[in-house]
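Visitor: Take -8 as the starting number for the sequence shown in the numbering used here and just add one per residue. Even glycine gets a Cβ: it sits at the ideal position worked out from N, Cα and C. Predicted model only: the values in this text are computed from it and were never measured. Sharing a structure below in C-alpha coordinates format, with a few things to ask.
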Amino acid sequence: MASNVIFAIISIVKHLREYIVDLHDELQWDISFYNTQDQLVAAAQRAKQEIAEGKAEPMDLDRL
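Right, here's the structure in full:
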(Lines of atoms letter the chains of each structure in order from A and count residues from 1; the text may use other names and numbers.)
(Lines give C-alpha, C1' and ligand atoms only; values in the text may rest on other atoms or scores of the structure.)
Protein backbone atom coordinates (compact mmCIF):
# COMPACT_ATOMS: atom_id res chain seq x y z
CA MET A 1 0.00 0.00 0.00
CA ALA A 2 2.73 2.49 0.95
CA SER A 3 4.60 1.73 -2.27
CA ASN A 4 1.45 2.54 -4.29
CA VAL A 5 1.19 5.91 -2.56
CA ILE A 6 4.86 6.64 -3.19
CA PHE A 7 4.49 5.64 -6.85
CA ALA A 8 1.45 7.91 -7.17
CA ILE A 9 3.31 10.85 -5.60
CA ILE A 10 6.30 10.31 -7.90
CA SER A 11 3.97 10.20 -10.88
CA ILE A 12 2.29 13.44 -9.82
CA VAL A 13 5.64 15.16 -9.31
CA LYS A 14 6.81 14.07 -12.78
CA HIS A 15 3.61 15.38 -14.31
CA LEU A 16 3.93 18.71 -12.50
CA ARG A 17 7.54 19.07 -13.66
CA GLU A 18 6.51 18.48 -17.27
CA TYR A 19 3.67 20.96 -16.87
CA ILE A 20 6.02 23.61 -15.46
CA VAL A 21 8.47 23.06 -18.33
CA ASP A 22 5.60 23.49 -20.81
CA LEU A 23 4.49 26.69 -19.07
CA HIS A 24 8.05 28.00 -19.21
CA ASP A 25 8.26 27.24 -22.94
CA GLU A 26 4.96 29.07 -23.54
CA LEU A 27 6.24 32.06 -21.57
CA GLN A 28 9.42 32.12 -23.66
CA TRP A 29 7.33 32.16 -26.86
CA ASP A 30 5.14 34.95 -25.47
CA ILE A 31 8.22 37.01 -24.60
CA SER A 32 9.74 36.38 -28.01
CA PHE A 33 6.59 37.48 -29.84
CA TYR A 34 6.22 40.52 -27.57
CA ASN A 35 9.81 41.58 -28.22
CA THR A 36 9.47 41.20 -32.00
CA GLN A 37 5.91 42.44 -32.47
CA ASP A 38 6.99 45.70 -34.12
CA GLN A 39 9.18 43.77 -36.57
CA LEU A 40 6.33 41.39 -37.38
CA VAL A 41 3.98 44.32 -38.05
CA ALA A 42 6.58 45.99 -40.28
CA ALA A 43 7.11 42.76 -42.25
CA ALA A 44 3.35 42.38 -42.73
CA GLN A 45 3.07 45.97 -43.95
CA ARG A 46 5.93 45.41 -46.42
CA ALA A 47 4.26 42.25 -47.69
CA LYS A 48 0.95 44.08 -48.19
CA GLN A 49 2.74 46.88 -50.03
CA GLU A 50 4.59 44.43 -52.28
CA ILE A 51 1.32 42.66 -53.08
CA ALA A 52 -0.35 45.99 -53.90
CA GLU A 53 2.59 46.93 -56.16
CA GLY A 54 2.47 43.58 -57.95
CA LYS A 55 5.92 42.59 -56.72
CA ALA A 56 4.77 39.52 -54.80
CA GLU A 57 4.62 35.99 -56.19
CA PRO A 58 2.24 33.27 -55.06
CA MET A 59 3.83 30.84 -52.64
CA ASP A 60 4.74 27.49 -54.15
CA LEU A 61 3.64 25.08 -51.43
CA ASP A 62 5.42 22.21 -53.17
CA ARG A 63 8.75 23.90 -52.45
CA LEU A 64 8.17 23.95 -48.69
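Quick one: grab the DSSP three-state call for Ala47.
Guide: Reduced to three states, the DSSP call for Ala47 is coil.
Visitor: Taking the alpha-carbon positions, what's the Leu31 to Asp21 distance?
Guide: Taking the straight line joining both Cα atoms gives about 14 Å.
Visitor: May I have the straight-line CA-CA distance separating Phe(-2) from Leu18, to the nearest angstrom?
Guide: Straight-line Cα distance between these residues: approximately 30 Å.
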